[in-house]
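Just so we're aligned: the sequence shown equals residues 0 to 108 in numbering that gives the first Met the number 0.
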Amino acid sequence: MIKLDAKETMAAQAYAAYMIATSYFGSYKCVTPQMEKKTEHLYRLQSIENQYKMEDRIKALMEKQVLPQISEELLDSQVEVAFLSDGSGVRITDGLEFVLEIRQSVREI
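Structure follows, in structure tokens:
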């Protein structure tokens with residue numbers, strides 16, 4: 000396993016946020032495909048255990064804090080997802096309006 004620095008780990012966490020958050024919506028389109036590929040690569044370099052930890056944190060966040068605030072209609076719709084330029088997370092919009100931003104903090108796992 001390759002040891003990632005804090006910024007690379009943050010980008011890997013952003014990919015976990017992307018995977019989990021988008022799974023709750025009807026469909027999605029990633030508008031930053033190069034960042035998607037880069038963060039996916041860093042995510043795949045993590046151990047399976049770390050991948051599960053990242054995913055579990057995002058699932059808990061979504062279920063406890065985010066989903067109760069999002070309408071069923073929006074969850075059934077198509078959203079656009081963009082990775083933040085610093086690689087720290089993702090921003091989700093309905094194409095016109097801001098819906099959700101998940102930003103990861105820099106820390107070692």
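Ideal Cβ placement from N, Cα and C applies to all residues, glycine included.
Keep in mind that this is a model prediction, so the values were computed, not measured.
Along the chain, where does the beta strand (DSSP E) containing I91 start, and where does it finish? G88 to T92
Which listed residue (I57, E72, R56 and M18) has its alpha carbon closest to that of E39: M18
State the CB to CB distance for the pair A13 and F82, rounded to an integer number of angstroms; the pair is presumed to be in contact (CB under 8 angstroms). 6 angstroms
Apply the 10 Å Cβ neighbour rule to I47 and answer buried if 16 or more other Cβ atoms are within range, or exposed otherwise. exposed
Taking only three categories from DSSP, how would you classify K28? DSSP places K28 in strand when its eight states are reduced to three.
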